[in-house]
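Letter 302 of the sequence shown, counting from 1, is numbered 500 in my numbering, and no numbers are missing.
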Amino acid sequence: MAKVENYIKLFTIVTLFIYCISIVSSQQQLQMLNKSFANLTSIKIKELEEQDNWQIIDLSHNSIEFIVSPELLINQSELETLLLDYNVKFAPKGNGEIFKHKGLKRMSCKGCGFAEIRSQHFAGFDSLTELDLAYNQIRKIDVDAFKENHYLKQLNLSGNHLQVLQVSTFSSLRMFEELDLSNNPIELQKSKHFIKCDSLKSLSLDSCGLKDIYPQTFTELRNLEQLRLNSNQIAVIPVETFRLNEKLRSIFIENNQLKFFPASILDYLKALDELCIDNNPYVNTKEFHNLLTKYEIFRLRSQKCSTDVDTMIEYIFKNDDVTVEMPTQNTTEEKFLQLKFHEGISDFFIGSYLTAILIVQAIAFVLLTLYLIKITKYEKLAGDINYANTILNDNDIYKVFKLNE
Numbered sequence: 199m200a201k202v203e204n205y206i207k208l209f210t211i212v213t214l215f216i217y218c219i220s221i222v223s224s225q226q227q228l229q230m231l232n233k234s235f236a237n238l239t240s241i242k243i244k245e246l247e248e249q250d251n252w253q254i255i256d257l258s259h260n261s262i263e264f265i266v267s268p269e270l271l272i273n274q275s276e277l278e279t280l281l282l283d284y285n286v287k288f289a290p291k292g293n294g295e296i297f298k299h300k301g302l303k304r305m306s307c308k309g310c311g312f313a314e315i316r317s318q319h320f321a322g323f324d325s326l327t328e329l330d331l332a333y334n335q336i337r338k339i340d341v342d343a344f345k346e347n348h349y350l351k352q353l354n355l356s357g358n359h360l361q362v363l364q365v366s367t368f369s370s371l372r373m374f375e376e377l378d379l380s381n382n383p384i385e386l387q388k389s390k391h392f393i394k395c396d397s398l399k400s401l402s403l404d405s406c407g408l409k410d411i412y413p414q415t416f417t418e419l420r421n422l423e424q425l426r427l428n429s430n431q432i433a434v435i436p437v438e439t440f441r442l443n444e445k446l447r448s449i450f451i452e453n454n455q456l457k458f459f460p461a462s463i464l465d466y467l468k469a470l471d472e473l474c475i476d477n478n479p480y481v482n483t484k485e486f487h488n489l490l491t492k493y494e495i496f497r498l499r500s501q502k503c504s505t506d507v508d509t510m511i512e513y514i515f516k517n518d519d520v521t522v523e524m525p526t527q528n529t530t531e532e533k534f535l536q537l538k539f540h541e542g543i544s545d546f547f548i549g550s551y552l553t554a555i556l557i558v559q560a561i562a563f564v565l566l567t568l569y570l571i572k573i574t575k576y577e578k579l580a581g582d583i584n585y586a587n588t589i590l591n592d593n594d595i596y597k598v599f600k601l602n603e
């Protein structure tokens with residue numbers, strides 16, 4: 199019994215120690231300097247002059263135009279994230295480096311004053327993995343603008359004025375996975391590749407005003423897994439468009455002008471498990487009915503699609519120009535409602551599960567603490583108790599009488 203109590207005490211002490219260490223560790227990791235909305239025109243502030251171990255620096259929503267005294271940032275040896283969002287006139291001068299930092303991993307200049315990206319602007323950030331340049335006025339990107347950013351994984355260029363990208367702009371990047379070009383007036387060239395990148399997995403071209411997609415457009419994106427083409431004016435998807443994109447898992451092409459989507463595309467895209475094609479003016483033909491049949495068989499619908507199944511079916515079959523076998527109400531319920539598969543686990547469920555785990559851990563922590571207090575108090579009192587004279591049960595049959603010698 200004593201050994202068990204000792205083990206419990208040891209476990210409680212270790213738990214308390216780990217808990218305290220985790221608190222101290224989390225506090226050490228949150229070395230963040232927040233100077234957003236501080237009416238700054240320069241980075242010459244006492245916090246940067248007096249401390250050189252900031253990991254996150256937020257200078258967003260100020261009036262900084264360029265980096266004066268870059269050594270204040272260069273000397274931040276632990277700097278990983280720099281936020282300069284909505285300094286609306288901030289932009290590098292000429293073709294020089296913004297500044298140089300070996301450890302910077304994440305940089306955001308959303309809503310700043312960039313009009314172009316030159317070859318040296320980001321050359322000083324060897325470890326950069328995430329770059330956000332959304333909602334600037336960028337019209338041009340040098341073909342070698344990111345050649346020094348070997349670890350770049352995510353680039354957000356949405357909401358700019360880009361029309362054309364040079365094909366080899368990202369071809370030298372071996373870890374580049376995600377590119378967002380939504381809300382740019384992109385012009386795709388007939389019989390030409392859009393861009394070449396062997397590592398790219400996700401490409402967003404939502405709301406780019408695209409009217410045509412060509413068979414050669416995406417052929418140099420062999421590892422592409424997700425493609426977003428929502429809210430354009432695309433009327434035709436050539437049958438061979440995705441023939442070389444064998445790893446495509448998700449296609450979003452809602453809110454376009456499609457009257458026809460080739461069913462044969464579903465046959466050669468073996469990895470496809472998500473297809474959202476809602477809100478297009480499809481013509482009700484036998485070929486399109488064939489597409490819907492495959493769409494159901496492959497269970498390609500997900501909760502990311504903009505409408506529910508019933509609304510989608512009603513929208514698709516509202517044109518009766520061609521006679522086809524219409525699904526009955528029972529068929530709709532039994533077959534087409536199966537398209538609601540692959541909805542995944544909701545964020546609410548995950549959040550509730552994690553919250554429950556934290557609550558259980560907190561309760562266990564409190565109970566162990568109370569038990570430790572009880573054991574300590576019990577041991578202090580134990581020295582005053584003579585167990586030899588203690589009657590555990592006062593029934594007559596258990597009474598012990600001292601024999602006369």
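Glycine included, C-beta positions come from ideal geometry on N, C-alpha and C.
Excluding sequence positions up to five away, which residues of its chain have a Cβ less than 8 Å from the Cβ of L282?
-> Here the question's residue 282 lines up with position 84 in the sequence shown. So the list reads L257, S258, I262, F288, M305, S306, C307 and C310, once near-sequence residues are dropped.
Would DSSP call K298 helix, strand or coil?
-> Taking the first residue of the sequence shown as position 1, residue 298 is located at position 100. Three-state result, K298: coil.
Neighbour-count burial assignment, Q249, 16 or more Cβ in a 10 Å radius = Along the sequence shown, one-based indexing puts residue 249 at 51. It counts as exposed.
Determine the burial state of R426: buried for a count of at least 16 other Cβ atoms within 10 Å of its Cβ, exposed for fewer.
-> As a position in the sequence shown, residue 426 is number 228, starting the count at 1. Looking at its Cβ environment, which holds 16 or more other Cβ atoms inside 10 Å, R426 is buried.
How far does the beta strand (DSSP E) with F450 in it reach, from first residue to last?
-> Residue numbering aside, residue 450 sits at position 252 when the sequence shown is read from its first letter. S448 to F450 is the span of the beta strand (DSSP E), which, as asked, contains F450.
Buried/exposed call for P479, threshold 16 Cβ in 10 Å | Mapped onto the sequence shown, residue 479 falls at position 281. So P479 counts as exposed.
Taking just the CA atoms, how far does N347 sit from L326?
-> Locating residue 326 in the sequence shown gives position 128, where the first residue counts as 1. Locating residue 347 in the sequence shown gives position 149, where the first residue counts as 1. Using only the alpha carbons, I get a separation of about 6 Å.
Just the C-alpha distance for L271 and I315, rounded to the nearest angstrom, thanks.
-> For the purposes of this step, residue 271 is taken as residue 73 along the sequence shown, with counting starting at 1. For the purposes of this step, residue 315 is taken as residue 117 along the sequence shown, with counting starting at 1. Rounded to the nearest angstrom, the two C-alpha atoms are 21 Å apart.
Taking C-beta to C-beta, are S380 and S400 nearer than 7 Å?
-> Numbered from its first residue, the sequence shown carries residue 380 at position 182. Numbered from its first residue, the sequence shown carries residue 400 at position 202. Not closer than 7 Å, so no.
According to the neighbour-count rule (16 or more other Cβ atoms, all chains shown, within 10 Å of its Cβ), is A343 buried or exposed?
-> Taking the sequence shown and counting its residues from 1, the one referred to as residue 343 is at position 145. Result: buried.
Among the residues of its own chain, which have a CB less than 6 Å from the CB of S267, if the five just before and after it don't count?
-> Within the sequence shown, numbered from 1, the residue matching residue 267 stands at position 69. Hits under 6 Å: K242.
How is the beta strand (DSSP E) around E269 delimited, first residue to last?
-> Along the sequence shown, one-based indexing puts residue 269 at 71. For E269, there is no enclosing beta strand (DSSP E); the enclosing alpha helix (DSSP H) covers residues E269 to I272.
Identify which residue in I255, L565 and D476 has its Cα closest to the Cα of S429.
-> What you label residue 429 is simply residue 231 of the sequence shown in a count that begins at 1. Measuring C-alpha to C-alpha distances from S429 to each of I255, L565 and D476 identifies D476 as the nearest.
Helix, strand or coil for Q536, going by three-state DSSP, please let me know.
-> On the sequence shown, position 338 is the one that residue 536 refers to. No answer about Q536 holds up, because its pLDDT of 40 lies below 50 and its placement is not dependable.
Ranges of the beta strand (DSSP E) found wholly within the segment 371–426, counting only runs of at least 3 | Taking only runs of at least 3 residues, the beta strand (DSSP E) segments lying wholly in the segment 371–426 are 376–378, 400–402 and 424–426.
Same chain, Cβ closer than 8 Å to A332, neighbours up to 5 away in sequence not counted = For this step, residue 332 is matched to residue 134 along the sequence shown. Taking C-beta separations shorter than 8 Å and ignoring five residues to either side along the sequence, the partners of A332 in its chain run K308, G309, N354, L355, S356, G357, N358 and D378, following chain order.
Please state whether DSSP places S306 in a helix, a strand or coil.
-> Within the sequence shown, residue 306 is the residue found at index 108, counting from 1. S306: strand per DSSP, three-state reduction.
Cβ pair L456, T415 closer than 7 Å = Start at 1 with the first residue of the sequence shown, and residue 456 comes out as number 258. Start at 1 with the first residue of the sequence shown, and residue 415 comes out as number 217. Their beta carbons are not under 7 Å apart, which means L456 does not touch T415 by this criterion.
Confirm, please, whether the CB-CB distance from N453 to I144 is below 7 Å.
-> Nothing in the structure corresponds to residue 144, since the chain is present only between 199 and 603.
What are the residues that DSSP puts in a beta bridge with Q352?
-> Indexing the sequence shown from 1 puts residue 352 at position 154. According to DSSP, Q352 bridges with E328 and E376.
Give the secondary structure of I254 by DSSP, where H, G and I count as helix, E and B as strand, and everything else as coil.
-> Reading the sequence shown from its first residue, position 56 is the one you call residue 254. In the structure shown, the three-state DSSP call for I254 is strand.
Measure the C-alpha to C-alpha separation of R497 and T483 and round it to an integer number of angstroms.
-> To locate residue 497, count along the sequence shown from 1; it is residue 299. To locate residue 483, count along the sequence shown from 1; it is residue 285. Cα to Cα, the separation comes out at about 21 Å.
Taking the alpha-carbon positions, what's the L363 to C406 distance?
-> By 1-based counting over the sequence shown, the position of residue 363 is 165. By 1-based counting over the sequence shown, the position of residue 406 is 208. Cα-Cα distance, rounded: 13 Å.
Can you tell me which of the three DSSP states E245 falls into?
-> Counting from one through the sequence shown, the residue named residue 245 turns up at place 47. DSSP, read as helix, strand or coil, puts E245 in helix.
Sort out for me which residues DSSP pairs T279 with in a bridge.
-> For the purposes of this step, residue 279 is taken as residue 81 along the sequence shown, with counting starting at 1. As computed with DSSP, T279 is found in a beta bridge with I254 and R304.
Three-state secondary structure assigned by DSSP to I315 = Stepping through the sequence shown from its first residue, residue 315 is reached at position 117. Here I315 sits in strand by DSSP.
Three-state secondary structure (DSSP) of L231 | Taking the first residue of the sequence shown as position 1, residue 231 is located at position 33. Three-state result, L231: strand.
Could you spell out the range, first to last residue, of the beta strand (DSSP E) harbouring L473?
-> Taking the first residue of the sequence shown as 1, we reach residue 473 at position 275. It spans E472 to C474 - the beta strand (DSSP E) in which L473 sits, taken as one unbroken run.
Which of helix, strand or coil DSSP assigns to S223 | Residue numbering aside, residue 223 sits at position 25 when the sequence shown is read from its first letter. Low local confidence applies: a pLDDT of 46 at S223 is under 50, so the model's placement there is unreliable, with the coordinate-based value given in what follows. In the structure shown, S223 sits in a helix (DSSP, three-state: H, G or I).
Look at the Cβ atom of E247, then the Cβ atom of L231, and state whether they are nearer than 7 Å.
-> Here residue 247 is taken as the residue at index 49 of the sequence shown, counted from 1. Here residue 231 is taken as the residue at index 33 of the sequence shown, counted from 1. At the C-beta level, E247 and L231 stay beyond 7 Å of one another.
Cβ separation of T439 and I411, assumed to be a contact under 8 Å, to the nearest whole Å = By one-based count along the sequence shown, residue 439 stands at place 241. By one-based count along the sequence shown, residue 411 stands at place 213. With a Cβ gap of about 6 Å, T439 and I411 count as contacting.
Just mark L360 as buried or exposed, buried being the case when its beta carbon has 16 or more other beta carbons within 10 Å.
-> By one-based count along the sequence shown, residue 360 stands at place 162. Buried, because 16 or more other Cβ atoms sit within 10 Å of the Cβ of L360.
Closest residue to K390 among V558, E418 and R441 (Cα-Cα distance) = What you label residue 390 is simply residue 192 of the sequence shown in a count that begins at 1. When each option's Cα is compared against that of K390, the closest is E418.
With distances taken Cα to Cα, identify the nearest neighbour of Q424 among N273, I435, C474 and V434.
-> To locate residue 424, count along the sequence shown from 1; it is residue 226. Looking at the Cα atoms, C474 is the closest of the given residues.
Are the Cβ atoms of N273 and L238 separated by less than 7 Å?
-> The residue you call residue 273 lines up with position 75 of the sequence shown. The residue you call residue 238 lines up with position 40 of the sequence shown. One thing to note: N273 has its Cβ no nearer than 7 Å to the Cβ of L238.
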